[in-house]
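Notes follow once the structure below has been shown.
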Amino acid sequence: MSIESIGWQDVNGGGVEAPGSGPLSASARTDWFVDPAGGDPVGSAPLTVARLDGDFQFSALVEAPLAVMYDAVALFVHGDPVTWAKLALERSPGGADMIVTVVTRGVSDDANGVTVAQAGRSWLRISRMGAVYAFHHSADGVRWSLDRLFTLGPAAGHRVGFSVQSPTGEGLSARVSDIRIMPTTLADARDGS
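206 is the number that my numbering gives the last residue of the sequence shown; the numbers go up by one with no jumps.
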């Protein structure tokens, strides 16, 4: 499946180019988050998505000079403004670059994961198996580690893609490359394949 042949859309209404054709950029104070402690949903970060039918494995190498807390580049599953999930390479409050997952069903369930071996760089992958999603990360794009297994309900209408955010910073530019879309079912979410 060709990256250029997919009908990419910008959720926030701006112009969109096929991912991988240039850097992804976020303005200052942009994010996707629905605080479980209350407040209005935030969906201001750039989000480029496309509809992929059936089961798939969707992966990419993401790279960004994460400078301040919560700067991130992410792979994204989008259902609607309060039904979505992101798998992010994100700067932690302690200054480390780590894998962070957020699953939002009305409110966001935010979970910090492992610190990545190489700052500002990781392979990320979303796999769909029926209505179940698996989030993985990898140091080499070959051997994958499970970060989260979840569902957002029926998958009809969900779109997947890329986002970049800078909730506490002055903006961020990220690079996405080695984009792969395979229309195959992941056999085992936990075995590293």
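Even for Gly, the Cβ is constructed at its ideal location relative to N, Cα and C.
If you reduce the DSSP assignment to three classes, tell me which class residue i lands in.
i	result
residue 42	coil
residue 105	coil
residue 150	strand
residue 91	strand
residue 143	coil
residue 134	strand
How should residue i be labelled, buried or exposed, when 16 other C-beta atoms within 10 angstroms of its C-beta is the threshold for buried?
i	result
residue 13	Since the first and last residues shown for the chain are 14 and 206, residue 13 lies out of range.
residue 90	buried
residue 41	exposed
residue 172	buried
residue 107	exposed
residue 56	buried
residue 189	buried
residue 50	exposed
Alpha carbon to alpha carbon, what distance is there between residue j and residue i?
i	j	result
residue 198	residue 146	11 Å
residue 180	residue 98	17 Å
residue 206	residue 79	28 Å
residue 165	residue 96	7 Å
residue 52	residue 113	21 Å
residue 105	residue 111	7 Å
residue 149	residue 77	18 Å
residue 191	residue 120	32 Å
Where DSSP assigns a beta bridge to residue i, which residues make up the other side?
i	result
residue 121	117
residue 161	148
residue 98	90 and 116
residue 61	23 and 175
Could you check whether the Cβ of residue i sits closer than 7 Å to any Cβ belonging to chain D?
i	result
residue 144	This model lacks chain D altogether; it includes just one protein chain.
Legend entry - Meets three-Cβ-pair contact criterion under 8 Å: the region 160 to 170 and the region 182 to 194: Under the three-pair Cβ rule at 8 Å, the region 160 to 170 does not count as touching the region 182 to 194.
Inset, instruction - Please determine if the region 43 to 62 and the region 134 to 151 are in contact, where contact requires at least 3 C-beta pairs separated by less than 8 Å. - result: The region 43 to 62, when compared against the region 134 to 151, does not touch it at the 8 Å Cβ threshold.
Legend entry - Touching by the beta-carbon criterion (3+ pairs, under 8 Å), the region 124 to 131 and the region 67 to 74: Cβ pair count under 8 Å is below three, so no.
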